[in-house]
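Enquirer: The structure's right below; bear with me while I get my questions together.
Protein chains in written order, with the numbering used here: chain A, -8 to 341; chain B, -8 to 341; chain C, 17 to 305; chain D, 17 to 305.
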């Protein structure tokens, strides 16, 4: 790869509380196609981590295989990264999270990686409520192998070669809600102002936080007839609400219209203020969220924004009551029952 | 195994149209625990095939691994069978069905086999709308390895050793509806009168037909506190409707109460007459079925019977437009484009 | 199954070639397991062996793995035109139809009727009352019934070895290069090491070094491979992996002496060069003079 | 990873024993791959080797597979009491902490600093600005950066071979039975073939047949195994599988001559008997007299 990133940066880039400017959160220059939606999502991740004052070494980024799964090379170059095998990112995330509950885990996947080869892992990482942010960069096609329809391609959608997809699409967001996920959002790579508060809120959610981002493949699935093209998505998205993420300590200063606002408190004291656009929808009620998704489907619309959030979510460590100290810094003293306990076991077998 | 089935059968067992009595549809003697719900399901399969006048050699039975997956040895001994590896029955069924679209495919699986190791396969066989009946014998535990909680165990349910399950259960029927299955039913191994018409209707449905049968594990999950015990299930089931399966040609003779009856025509001319017990539920409307399931969940009830049926379902062969002749009897003449076509390919590469 | 081998292990080098799945493919799976492998060396052979692989899979009733590589799979090659014989018939192997089933007293799915280790099979739906059976991963008797009887299990494992022997004469024979007989050295190679090996032979010839040569085309090894090894003092085994995997197969399956089999290995992801082969053979012959 | 081997392949015999995953486990995965294997022969050794396996996995930075079998895993055994040394420390291997990272100029995840093929690693979250890296399945350079450079790839593959050599002295040594030296025959065995092999030695002794014996406890083979093979004319390799899988490993890894390695095999699902071993050794010695 011969890409060279221009070295020049404005010397007075603003710094966050940690003293880092936004470029400290960037990664290597992307080798994805120019205009790829995935790069916008990477940029939103960079901005969110900068805004949230995250220490990069306290975050682990993980992925599977595919165009989307290449992106961890393109953001947060000062964080640990793990590019796992196809569809198996959740297993690696689960192992890492169990070893050290104190890091922030950011998983990035694609529709091929999550909805096909990794479907079993996806379902079970939802069920286990692993404390992680799981972003699917969803373009409805296999970009890395030249644009075949994926399992999230909509029935009737046309791909670049003019072929119509004959199968029902898998709706990952609805699936996550049905499976009991405590935080489910949907967004569009063209809407950075929506993505950023969602990513921030997801990072503050104590459990599995899923964001399905429709991210058009400019090279193989941006044609007329595709329901994952920029134009189509832009024309068919309908937001549940506008979202403000209000960090801990900050005062809620924006004025919201009476009656249409829901404030969701996050576990660390921060809040998400949702200004509802969708009627008959309660973001904290699973059944209501399912109804909103079904209704949008019936109207042929793509519902974006916060879809469902469970304020009482308890992550895997709480459920299985592991020690507060991360397991990977426990020592022989904490872990090994020693010869006396072993003697009891020997005795029980006599 | 030293079990010997008593040889004596009543000499005047009634025969079906093909001249077979019901014992021709039986299998080897079950080696499952006495009282296992799975044996009741096997019996319902036997009765259904007898009633439907199925030629046993025109049916293929398939399974994965587990107690449930052992049952194909215990029914239809005159049918071909395939006991595949864990969670991979859908792949084998897909291959067999593509090779010969003219057989009836009956897949039997368990909650471990379908909801854990086989989740990816389950999701995608639903999506492909493979023409098969897929029965899950669901006991919420791993019976073959002594009763550990499975992924369909309800949160809060207690297993035999007194441990409470801490995880949300995977609701396979809701999942199948969400994923677009065209025929989804739920039943209870203790309710043969409900199972038989459901199995018959499933066998006449032109596409993927899913029946989730709660089937208590008498040995490891029939204790007080378990939500998959006989007593608990009996007390918490609520049927959507009573069901009559009316074969082709037969006249609908039963009288049903005005207004509460829905008749679903099957593709071969047979009908399913549903006498509705659940209000605000339309068995042919997916959104309505999802609502009914959600509402039942909120009431702590298990909805059984027909849940959703799509009368316009078209199976995989229709969708991908394969030949009407089963692929496995096509010959060189039909399949091989021959030297002239090859010469065109050679020419295109010059 | 077609395995277009690239540089491994794991994701390896996604755009570079290697012949390093040989051992894994040969014995893939737990328990005592051996698989049929085919090694094409040209696009035309890929075409022909793919067709052959279907026939072999049905004749031997087993998966067949074609091991090609990125050099063949991704690079442009000059190829002879592909040829198809319109009289060719698909080989379905030992499949019983309804009439044949009628003639049989008792059908045994795993019964070695012909003594070649390959039993007869039936296709579901063939006959109303005969020929159906239950396929299972567990041990079973000749009639497909579950058993944990040691004798029945061992009998089946031995039948599979008989089948393995039978398959040696069914898979493609190795290609022997014309020879003046009596050369002490032989070279063995397969797949995309062919061009470089042939060129190296020419280079050696110019220096008056003559070697016999054989191109392996399938696993299990045909008797000719055995004879080739036996009739030479030294065999250079040319392959594109680090661990001399084909050489390992020759030792395991043909009891060939490790001392006799000199590995010539390239594993940098680029196709092996004639120059490397030429140099290593010359070096070895000089050292052992 | 613990593999309680049963009769294979596929589901095989769910309640019967075998030692038939040896070859599969040793080279599991595509590409040039080798794995550390441990072979316990008693419940106590299962206990001890499991603890050792964790240490080895961290020291060598690789998965370790313990190959036990159903005979050990499902049958009742009389066992010595398990023992634990309370002063034992976990071996974490080469892990850099924050202070150590501060002292290093540039951290290279795959840099062979010590020349033993085992690089240093870091644990996520250790240091605010140093030591983070990107783990990937593709080829990479010593600093964990993506590369398809042939030299960098080959260097890493060669480093892994150096690590393999290093691990030979880290894994459990084979157990040598006391000997009067000078016996022409040796027997090699592992795992649950131990009791029968020992009993067979006693039976042979009664007939004045003396053999040396070694119990293999790990793969890769320690130098002692090599020396044992070299110092005997004939080696009987006793194992519980059809294809003489351990014998294959000895040929591949130690260049042992196939003619020297006489397989004694049992694969009927029942543990191998002393009587079988005794008979086959006597038979062979009689035939070759």
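Positions of the beta carbon are idealized from the N, C-alpha and C atoms, including for glycine.
Please read all numbers here as calculations on a predicted model, not as lab measurements.
Any contact between the stretch 220 to 229 of chain D and the stretch 196 to 211 of chain D? By contact I mean 3 or more CB pairs, one from each, below 8 Å.
Expert: yes
Enquirer: Mind listing the chain G neighbours of residue 110/B? Cutoff is C-beta to C-beta under 8 Å, in chain order.
Expert: Going by chain labels, chain G is absent from the structure shown, which instead holds the protein chains A, B, C and D.
Enquirer: Going by beta-carbon coordinates alone, are residue 129/A and residue 203/A separated by less than 8 Å?
Expert: The residue labelled residue 129/A in the question sits at position 138 within the first chain. The residue labelled residue 203/A in the question sits at position 212 within the first chain. Yes, Cβ-Cβ distance for residue 129/A and residue 203/A is below 8 Å.
Enquirer: Return yes when the Cβ of residue 245/C is within less than 8 Å of the Cβ of residue 280/C, no when it is not.
Expert: Within the third chain, numbered from 1, the residue matching residue 280/C stands at position 264. Within the third chain, numbered from 1, the residue matching residue 245/C stands at position 229. Not a contact, by the Cβ cut-off of 8 Å.
Enquirer: CB residue 90/A to CB residue 19/A, shorter than 8 Å?
Expert: Mapped onto the first chain, residue 90/A falls at position 99. Mapped onto the first chain, residue 19/A falls at position 28. Cβ atoms of residue 90/A and residue 19/A: not closer than 8 Å.
Enquirer: In the DSSP output, what is residue 103/B paired with across the bridge?
Expert: As a working note, residue 103/B is residue 112 in the second chain. Residue 103/B pairs with nothing; no bridge assigned.
Enquirer: Quick one: which residues of the stretch 131 to 155 of chain D get their C-beta closer than 9 Å to a C-beta of chain A? List them in chain order.
Expert: 138, 139, 140, 141, 142, 143, 144, 145, 146, 147, 148, 149, 150, 151, 152, 153, 154
Enquirer: Taking CB distances under 8 Å as the criterion, tell me whether residue 105/D reaches chain A.
Expert: Within the fourth chain, the letter at position 89 stands for residue 105/D. At least one chain A Cβ lies under 8 Å of residue 105/D.
Enquirer: Would you report the Cα separation of residue 238/B and residue 254/B, rounded to the nearest angstrom?
Expert: Counted from its first residue, the second chain places residue 238/B at position 247. Counted from its first residue, the second chain places residue 254/B at position 263. A direct Cα-to-Cα measurement between residue 238/B and residue 254/B gives close to 13 Å.
Enquirer: To the nearest angstrom, how far is it from the Cα of residue 296/D to the Cα of residue 83/D?
Expert: Residue mapping note: residue 296/D aligns to position 280 of the fourth chain, counting from 1. Residue mapping note: residue 83/D aligns to position 67 of the fourth chain, counting from 1. Cα to Cα, residue 296/D sits roughly 25 Å from residue 83/D.
Enquirer: Name the one or two DSSP bridge partners that residue 83/C has.
Expert: Sequence index remark: in the third chain, residue 83/C carries index 67 (1-based). Its beta-bridge partners are 19/C.
Enquirer: Given residue 96/D, which residues of its chain have a CB within under 6 Å of its CB, disregarding the five upstream and five downstream residues?
Expert: What you label residue 96/D is simply residue 80 of the fourth chain in a count that begins at 1. Result list for residue 96/D: 60, in chain order.
Enquirer: Shorter than 8 Å from the beta carbon of residue 7/B to some beta carbon of chain C?
Expert: The residue labelled residue 7/B in the question sits at position 16 within the second chain. Not one chain C Cβ lies under 8 Å of residue 7/B.
Enquirer: Can you list, in chain order, the residues of its chain with a C-beta nearer than 8 Å to that of residue 137/D? Leave out the 5 residues immediately preceding and following it.
Expert: Within the fourth chain, the letter at position 121 stands for residue 137/D. Closer than 8 Å at Cβ, skipping near neighbours: 77, 109, 110, 111, 112, 125.
Enquirer: Whole angstroms are fine: how far does the CA of residue 67/D sit from the CA of residue -8/B?
Expert: By 1-based counting over the second chain, the position of residue -8/B is 1. By 1-based counting over the fourth chain, the position of residue 67/D is 51. At residue -8/B, the pLDDT of 36 sits below 50, so the modelled position is not reliable and the matter cannot be decided from this model.
Enquirer: Once DSSP output is grouped into helix, strand and coil, what is the label at residue 52/A?
Expert: For the purposes of this step, residue 52/A is taken as the residue at position 61 of the first chain. Correct three-state label for residue 52/A: strand.
Enquirer: Is residue 91/A close to chain D, meaning its C-beta is less than 8 Å from at least one C-beta of that chain?
Expert: Within the first chain, residue 91/A is the residue found at index 100, counting from 1. Yes, contact with chain D.
Enquirer: Quick check on the burial criterion: 16 or more other C-beta atoms within 10 angstroms. Buried or exposed for residue 35/A?
Expert: As a working note, residue 35/A is residue 44 in the first chain. Residue 35/A is buried by the Cβ-count criterion.
Enquirer: In the DSSP assignment, what residue or residues form a beta bridge with residue 279/C?
Expert: Taking the first residue of the third chain as position 1, residue 279/C is located at position 263. DSSP output for residue 279/C lists 253/C as bridge partner(s).
Enquirer: Counting only the same chain and skipping the five closest in sequence on each side, list residues whose C-beta sits under 8 Å from that of residue 225/A.
Expert: In the first chain, residue 225/A corresponds to position 234, counting from 1. Excluding positions up to five away in sequence, the list reads 179, 181.
Enquirer: Report the residues of the stretch 35 to 57 of chain C with a CB closer than 7 Å to any CB of chain D, ordered along the chain.
Expert: 36, 37, 39, 40, 43, 45, 46, 47, 48, 49
Enquirer: Sorted by chain position, which residues of the same chain lie with C-beta nearer than 8 Å to residue 300/D's C-beta, five sequence neighbours on each side aside?
Expert: On the fourth chain, residue 300/D is found 284 positions in, with the first residue counted as 1. Hits under 8 Å: 250, 252, 278.
Enquirer: When the Cα atoms are used, what is the spatial distance from residue 87/C to residue 32/C?
Expert: Position 71 of the third chain, counted from the first residue, corresponds to residue 87/C. Position 16 of the third chain, counted from the first residue, corresponds to residue 32/C. Rounded to the nearest angstrom, the two C-alpha atoms are 8 Å apart.
Enquirer: Which residue spans inside the stretch 61 to 106 of chain A form an unbroken alpha helix (DSSP H) run of at least 4?
Expert: 80 to 90
Enquirer: Mind checking who residue 253/B pairs with in its DSSP beta bridge?
Expert: The sequence position of residue 253/B within the second chain is 262, counting from 1. Answer by DSSP bridge pairing, in chain order: 265/B.
Enquirer: List, in order along the chain, the chain D residues whose C-beta lies closer than 7 Å to that of residue 49/A?
Expert: On the first chain, residue 49/A is found 58 positions in, with the first residue counted as 1. Correct list: 141.
Enquirer: Would you mind reading off the limits of the alpha helix (DSSP H) that contains residue 204/C?
Expert: Taking the third chain and counting its residues from 1, the one referred to as residue 204/C is at position 188. No alpha helix (DSSP H) holds residue 204/C; the beta strand (DSSP E) holding it covers 201 to 205.
Enquirer: Of the residues 174/D, 169/D, 210/D, 161/D, which one's Cα is nearest the Cα of residue 133/D?
Expert: To locate residue 133/D, count along the fourth chain from 1; it is residue 117. A check of alpha carbon separations from residue 133/D across 174/D, 169/D, 210/D, 161/D identifies 174/D as the nearest.
Enquirer: Beta carbon of residue 41/A, beta carbon of residue 74/A: below 8 Å?
Expert: The residue given as residue 41/A occupies position 50 in the first chain. The residue given as residue 74/A occupies position 83 in the first chain. No, Cβ-Cβ distance for residue 41/A and residue 74/A is not below 8 Å.
Enquirer: Please report the residue range of the beta strand (DSSP E) in which residue 174/A lies.
Expert: As a position in the first chain, residue 174/A is number 183, starting the count at 1. Judged by DSSP secondary structure, residue 174/A falls within the beta strand (DSSP E) whose first and last residues are 174 to 179.
Enquirer: Can you check whether the CB of residue 186/D is closer than 8 Å to the CB of residue 75/D?
Expert: Working through the fourth chain from its first residue, we reach residue 75/D at position 59. Working through the fourth chain from its first residue, we reach residue 186/D at position 170. Against a cut-off of 8 Å, the Cβ pair of residue 186/D and residue 75/D comes out as a contact.
Enquirer: If you measure between the beta carbons of residue 29/C and residue 158/D, is that distance less than 8 Å?
Expert: Translated into positions along the third chain, residue 29/C becomes position 13. Translated into positions along the fourth chain, residue 158/D becomes position 142. No, the pair does not count as a contact, with Cβ atoms beyond the cut-off.
Enquirer: Ends of the beta strand (DSSP E) at residue 232/B?
Expert: Against the second chain, residue 232/B aligns to sequence position 241. From DSSP, the beta strand (DSSP E) with residue 232/B extends over 232 to 237.
Enquirer: Just verifying my parser: in three-state terms, what is the DSSP assignment at residue -8/A?
Expert: Working through the first chain from its first residue, we reach residue -8/A at position 1. Low per-residue confidence applies at residue -8/A: pLDDT is 36, beneath 50, and the placement is therefore not dependable, though the value from the model is reported in the following sentence. In the structure shown, the three-state DSSP call for residue -8/A is coil.
Enquirer: Tell me the rounded alpha-carbon separation between residue 43/C and residue 50/C.
Expert: Your numbering for residue 43/C matches position 27 in the third chain. Your numbering for residue 50/C matches position 34 in the third chain. Roughly 5 Å separates the two Cα atoms.
Enquirer: Got a sec: is the Cβ-Cβ distance from residue 278/A to anything in chain B below 8 Å?
Expert: As a working note, residue 278/A is residue 287 in the first chain. Chain B, which has a Cβ nearer than 8 Å to the Cβ of residue 278/A, makes this yes.
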